[in-house]
Amino acid sequence: MKLNRATLIVGTLLTLLFCLVAGCAHYQAGAGTLYAPDVQTVYVPMIESDSFRRDLGERLTEAVVKEIEHKTNFKVVGDPSADSVLTVKLLNDARVVVAEDGLDAPRYLENQLRAEVSWINRRRIPITSPQVVPLPAGLINISQTSPLFPAAGQTVASQQQVAIQKLAEQIVGTMEEPW
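Using my numbering, the first residue of the sequence shown is number 1, and each one after it goes up by one.
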């Protein structure tokens, strides 16, 4: 009886192992499968900013470059003839008062950043998939808000940096391949 049981267990394990190996033959794992396989280098020109606030474009450019190098397998280069070009335009930033105290002093504000993103390859063909949003081909509209609590001692600069970092994460997220 033990021989039959051992044979059954070994047979089941071998069958299971075969199914796992055969079923996962074309499956790829890791961060490399999330992004375009034909792209190794990305050129990120200085981000244009329509905002009147100083250095937002430069700070967002720095955050996007760091995020690309941290989360993807792409190498950011300073050469416009790279495999792809990621163009970002900061459309606006607005500060909105959400809540006031009894004396009309702002207690809770939100900073809203909105950017337009275009990722094209060497032949100037958009790499990202078409979006449902009615925008010109290859453009993606992204927005990000971050809270500001002046009563808690939070500064506008720290709040803007949080919004910039979150926006950079969203921009790099648009570079992922569709499933």
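C-beta atoms are modelled at their ideal positions from N, C-alpha and C, and glycine is treated no differently.
Of all alpha-carbon atoms in Glu177, Ala157 and Met175, the one lying nearest the alpha-carbon of Leu56 is that of Ala157.
The count of Cβ pairs closer than 8 angstroms, one atom from the stretch 51 to 68 and one from the stretch 153 to 169, reaches three, so the stretches are in contact. Residue range Pro106 to Asn121 is occupied by the beta strand (DSSP E) that includes Gln112.
For Val172, the uninterrupted alpha helix (DSSP H) run begins and ends at Val156 to Gly173, by DSSP. As the crow flies, the alpha-carbon of Glu48 is around 59 angstroms from that of Leu14.
Our two residues, Gly173 and Val39, have alpha carbons roughly 15 angstroms apart in a direct line.
The Cβ atoms of Trp119 and Leu86 sit closer than 8 angstroms to each other. One thing to note: Gln154 has its Cβ no nearer than 8 angstroms to the Cβ of Asn111. Pairing Arg122 with Asp79 gives a Cβ-Cβ distance that is not under 8 angstroms. Under the 10 Å beta carbon count, Met46 is surrounded by fewer than 16 other beta carbons and is classified as exposed.
Inclusion of Phe149 and Tyr108 in the CB contact set at 8 angstroms is warranted, their separation being smaller than that value.
With a threshold of 16 other beta carbon atoms within 10 Å, Ala105 falls short and is exposed.
DSSP, reduced to helix, strand and coil, places Val77 within a strand of the structure shown. Note on Arg59: 16 or more other CB atoms within 10 angstroms of its CB, so buried under the neighbour-count rule. Within 10 angstroms of the beta-carbon of Val42 lie 16 or more other beta-carbons, which makes it buried. Boundaries of the alpha helix (DSSP H) around Ala63: Leu56 to Lys71.
Sequence-distant partners of Val162 (beyond 5 residues in either direction) whose C-beta falls short of 6 angstroms from its own C-beta, in its chain, are Ser146.
Annotation: the continuous beta strand (DSSP E) that includes Thr41 extends over Thr41 to Tyr43. For Ser51, there is no enclosing beta strand (DSSP E), as DSSP gives it neither H nor E.
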